[in-house]
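Trainee: For the sequence shown, my numbering gives the first residue as 1215, with consecutive numbering after it.
One structure follows; several queries about it will come next.
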Amino acid sequence: MTERTNPETGEITETAPVAAFLASHLNGRTEEELSTEFHTLLEAVRAHGKKGQMTITIIVDPPANGVESAPMPIGIESAVKAPKPTPVKSLYFLDDDGLPVREDPRQMAMDFRTAPATNTFKDA
């Protein structure tokens, strides 16, 4: 616990550090899950050389039925945006109909199976 002084009233109150709260939430399961996600994010950033992001959200609901002494449900959610590898691209040309094709439609093509054989080498 840490102490905090209210600047308006000068009253000293004790507060729980957020890190300690996260570590103890759900008997430590939340901290384990967050740590696993964090290390997964670190590995993805290292592997792909791109930035990533992890967001931790603490959700606090009011006491049930507005009863002041009722417990307050507190939940913790996390979201990881890990980088992914850049997808491999392939080159295409557009044919006369605007459809992607692998071979350049402007390039003259010769069917080598039916082309006449020519001997460009002379016997010595």
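No residue lacks a Cβ here, since even glycine has one placed at the ideal position from N, Cα and C.
Predicted model only: the values in this text are computed from it and were never measured.
Is it true that the CB of residue 1255 sits closer than 9 Å to the CB of residue 1245?
Mentor: Their beta carbons are not under 9 Å apart, which means residue 1245 does not touch residue 1255 by this criterion.
Trainee: Grouping DSSP H, G and I as helix and E and B as strand, with all else coil, what is residue 1281?
Mentor: coil
Trainee: With respect to the alpha helix (DSSP H) encompassing residue 1389, which residues constitute its N-terminal and C-terminal limits?
Mentor: Only positions 1215 to 1338 of the chain appear in the structure, and residue 1389 is not among them; the question remains open.
Trainee: According to the Cβ coordinates, are residue 1188 and residue 1266 closer than 9 Å?
Mentor: Here the chain has residues from 1215 to 1338 only, and residue 1188 is not among them.
Trainee: Starting from the Cα of residue 1238, find the closest Cα among 1328, 1302 and 1288 and give me that residue.
Mentor: 1288
Trainee: Taking a contact to mean a Cβ-Cβ separation below 9 Å, would you say residue 1319 touches residue 1325 in this structure?
Mentor: no
Trainee: Could you check the C-alpha separation between residue 1220 and residue 1234 for me, to the nearest Å?
Mentor: 22 Å
Trainee: Please classify residue 1292: does DSSP put it in a helix, a strand, or coil?
Mentor: strand
Trainee: Leaving out the 5 sequence neighbours to the left and right, which residues in its chain are closer than 6 Å to residue 1273 when beta-carbon positions are compared?
Mentor: 1289
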